[in-house]
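A.B. asks: My questions will all concern the structure given below.
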Amino acid sequence: MISELTAADLEDDPHPHLARLRERAPAALLPELGGWLVTSRELALRVLRDPGAFTVDDPRFSTAQVVGPSMLSLDGAAHTRHRDPFARPFRPARTRERFTAFVEAEAARLVAGLAPAGRAELRGELAGPLAVAVVAEALGLDGVDAATVRSWYGAFVDAVSAITAGGTAPAAADEAYRLLTAAVEEAIAASRPGSLLAEAARDEARLTTPEVVANSAILMFGGIDTTEGMIANAALHLLGHPDQLRLVRDEPALLPAAIEESLRLEPSASVVDRYAVRDTALGGADVRAGDLVRVSIAGANRDPAVFPDPDRFDVRRRNAAEHLAFAHGPHFCFGAHLARLETRTALTALLDRLPGLRLDPDRPARPHGLVFRKPPRLDVTWDR
5 MISELTAADL
15 EDDPHPHLAR
25 LRERAPAALL
35 PELGGWLVTS
45 RELALRVLRD
55 PGAFTVDDPR
65 FSTAQVVGPS
75 MLSLDGAAHT
85 RHRDPFARPF
95 RPARTRERFT
105 AFVEAEAARL
115 VAGLAPAGRA
125 ELRGELAGPL
135 AVAVVAEALG
145 LDGVDAATVR
155 SWYGAFVDAV
165 SAITAGGTAP
175 AAADEAYRLL
185 TAAVEEAIAA
195 SRPGSLLAEA
205 ARDEARLTTP
215 EVVANSAILM
225 FGGIDTTEGM
235 IANAALHLLG
245 HPDQLRLVRD
255 EPALLPAAIE
265 ESLRLEPSAS
275 VVDRYAVRDT
285 ALGGADVRAG
295 DLVRVSIAGA
305 NRDPAVFPDP
315 DRFDVRRRNA
325 AEHLAFAHGP
335 HFCFGAHLAR
345 LETRTALTAL
355 LDRLPGLRLD
365 PDRPARPHGL
375 VFRKPPRLDV
385 TWDR
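With the first letter of the sequence shown counted as 1, position 256 gets the number 260 in this note's numbering; the numbers rise by one all the way through.
Here it is, written out as C-alpha cells:
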C-alpha cells in the first residue's frame with residue numbers, strides 16, 4: 005500500500021517503490037514524509053520550473069534556519085540577487101580556466117598516494133577529499149585548510165539534520181558559523197585577486213556580509229556532499245558493470261556519457277523540497293497551499309516514459325543527459341560544470357593509474373540514503 009511506504013523503504017532501495025508510485029500515483033501523499041512525493045519526470049519539471057506555485061521560501065526550510073536566507077531558500081528577485089554574484093564565476097569557460105589545473109593536480113596527488121597500497125576506500129580517500137579541496141579553493145579563504153572547511157560543513161549538516169528531525173541545532177553549528185563569518189570578513193577586506201567572496205561582496209547586488217556568509221555555507225552544501233556522492237556513484241557504476249567499463253576503456257570519449265548515465269541512474273541528491281504557494285491540482289492530486297511537495301529526482305530519472313529500460317546502466321544511452329540530477333528551473337545547480345570536471349578527472353586518474361582496478365568482492369557496496377544517496381563505503385583493489 006502507498007500509505008504504508010516508510011522513509012526506511014526509500015532510504016534503503018527506493019527504486020522499486022518509486023516505480024510503483026509513479027505508475028499508480030505520480031503525486032502521492034506520504035504521511036511519514038510529511039507531504040507529497042512527486043515521482044514522474046513530467047510533474048517534477050512542472051514543480052521545479054514554477055516557483056510561483058512551488059517555492060523554497062518557507063520558514064520550515066531547515067537550511068535557512070541554520071545559515072540564514074540564501075540563494076537556496078529564496079525565490080524571485082531575492083533569489084536572483086543572492087545567486088547571480090556567485091553563479092557568474094561558474095560559467096563553463098571560467099570554470100575550465102579557473103579549476104582544471106587545480107582539480108587535475110589534486111586528483112593526481114590523491115591517487116598517487118593510494119597507489120602503493122593496492123586497495124583503498126574511494127569515498128573517504130578520494131571522492132570526499134577532492135570535493136572538499138575544490139570547495140576550499142573555490143571559496144578562497146586564505147589560511148583556511150580543507151580539513152577546517154570540512155569541519156564547518158559537517159557542523160552545518162548536523163544542524164540541518166537535527167532541525168529536520170524536529171530537534172535543535174547543536175552548539176557546534178554556532179561556532180562554525182562564527183568562524184566562517186570571521187574568515188569571510190577577512191577575505192572581503194583583503195580583496196585578493198580571484199577571490200570569489202570579495203567579488204561577490206563587490207557585486208552590484210550589494211550583498212551584506214551575513215548574506216555572503218550564508219551563501220558561502222550553501223556552496224559547501226552544494227560542492228561537498230553531492231560531488232562526493234557523484235564521484236563515488238560513478239565509480240561504483242562503472243566498476244560494477246565490467247562490460248560498460250570495457251566500452252569506456254576502449255573508447256575514453258565515452259567517459260562523460262558514462263557520468264551522465266550514472267547521474268541519471270543514482271543522483272547523489274535524490275529529493276528536493278518545495279512548498280505549495282496555493283491550492284494546485286498536480287497529477288490528479290489536490291495539493292493545498294502550504295503543503296510540502298518533495299520532488300523525487302531519483303524517481304523522475306527512471307521514468308520509463310523518457311528513459312527506456314530505466315534500471316539499466318548504459319553508457320551509450322542516447323538521452324541520459326536529460327536527467328534532473330542538478331535540478332531544473334531557477335534553482336538549477338550552477339556548480340554542475342565543476343562537479344562534472346571533478347568526477348571526470350577523478351575517474352580518469354583512477355583508470356589510468358591503478359591497473360586492474362575493481363570492486364573489492366569481500367566488501368560489497370551499494371548506495372544508501374533518503375536524500376543524499378551514495379555508498380557508505382566504496383572499497384576497491386588493483387594490481388600493484
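Ideal Cβ placement from N, Cα and C applies to all residues, glycine included.
CA-CA distance, GLU8 and PRO20?
C.D. replies: Spanning the two alpha carbons is a distance of roughly 14 Å.
A.B. asks: For PHE94, is the classification buried or exposed, using 16 other Cβ atoms within 10 angstroms of its Cβ as the cut-off for buried?
C.D. replies: Buried, since its Cβ has 16 or more Cβ neighbours within 10 Å.
A.B. asks: Who are the near neighbours of ARG61 in its chain, counting only those whose CB is closer than 7 Å to its CB and skipping five residues on each side?
C.D. replies: Contrary to the premise, residue 61 reads as Asp rather than Arg in this sequence. So the qualifying residues of the chain are SER77, LEU78, ASP79.
A.B. asks: Taking the beta carbon of ASP247 as the centre, do at least 16 other beta carbons fall within 10 Å, making it buried, or is it exposed?
C.D. replies: Its Cβ having fewer than 16 others within 10 Å, ASP247 is exposed.
A.B. asks: Note down the Cα distance separating ASP207 from GLY339, rounded to an integer number of angstroms.
C.D. replies: Spanning the two alpha carbons is a distance of roughly 19 Å.
A.B. asks: Alpha carbons only, please: which of LEU49, ALA131, SER155 is nearest the one belonging to ALA353?
C.D. replies: Here the closest residue by C-alpha is ALA131.
A.B. asks: For GLY56, count neighbouring Cβ atoms within 10 angstroms of its own Cβ and tell me buried if that reaches 16, exposed if not.
C.D. replies: Classification for GLY56: exposed.
A.B. asks: Under a three-way DSSP split, which group does TRP40 fall into?
C.D. replies: Correct three-state label for TRP40: strand.
A.B. asks: Indicate whether GLU232 and ARG127 have their beta-carbon atoms separated by less than 8 Å.
C.D. replies: Going by C-beta atoms, GLU232 is nearer than 8 Å to ARG127.
A.B. asks: Can you tell me whether ASP356 is buried or exposed? The criterion is at least 16 other CB atoms within 10 Å of its CB, across all chains shown.
C.D. replies: Counting Cβ neighbours within 10 Å, ASP356 comes out exposed, since fewer than 16 surround it.
A.B. asks: If LEU184 and ILE192 are in contact, beta carbons under 8 Å, what's the gap, nearest whole angstrom?
C.D. replies: In fact, because the Cβ distance is near 12 Å, the residues do not count as touching under 8 Å.
A.B. asks: Leaving out five residues before and five after LEU33 in sequence, what residues of the same chain have Cβ atoms less than 6 Å from its Cβ?
C.D. replies: Excluding residues within five positions, the ones whose Cβ falls inside 6 Å are TRP40.
A.B. asks: Identify the continuous alpha helix (DSSP H) that holds THR212 and give its terminal residues.
C.D. replies: It is not in any alpha helix (DSSP H) - THR212 carries neither H nor E in the DSSP assignment.
A.B. asks: Check whether the Cβ atoms of TYR279 and ILE228 lie closer than 8 Å to each other.
C.D. replies: No, they are not a contact pair.
A.B. asks: Between which two residues does the alpha helix (DSSP H) harbouring ASP16 extend?
C.D. replies: Looking at the DSSP string, the run of the alpha helix (DSSP H) that includes ASP16 is 11 to 16.
A.B. asks: Near ILE222, which residues of its chain fall below 8 Å by C-beta distance, leaving aside the five closest residues on each side in sequence?
C.D. replies: Same-chain partners within the cutoff: THR67, VAL71, SER74, MET75, LEU76.
A.B. asks: From ASN323, VAL51, ALA91, pick the residue whose C-alpha is nearest to that of THR284; which is it?
C.D. replies: The shortest C-alpha separation from THR284 is found at VAL51.
A.B. asks: Helix, strand or coil for MET5, going by three-state DSSP, please let me know.
C.D. replies: Caution applies to MET5, whose pLDDT of 45 falls short of 50 and renders its modelled position unreliable; the model cannot decide the point.
A.B. asks: Tell whether a beta-carbon distance below 8 Å holds between ARG53 and GLY303.
C.D. replies: Taking 8 Å as the Cβ cut-off, ARG53 and GLY303 do not qualify as a contacting pair.
A.B. asks: Do you know how far the Cα of GLU108 is from the Cα of ALA350?
C.D. replies: For ALA350 and GLU108, the distance between alpha carbons rounds to 8 Å.
A.B. asks: Should THR104 go down as buried or exposed, given a rule of 16 or more other Cβ atoms within 10 Å for buried?
C.D. replies: The residue is exposed, with fewer than 16 neighbouring Cβ atoms inside 10 Å.
A.B. asks: I'd like to know whether the C-beta atoms of ARG321 and ASP315 end up nearer to each other than 8 Å.
C.D. replies: No, they are not a contact pair.
A.B. asks: In whole angstroms, what is the alpha-carbon distance linking PRO18 and HIS332?
C.D. replies: Between PRO18 and HIS332, the C-alpha separation is close to 22 Å.
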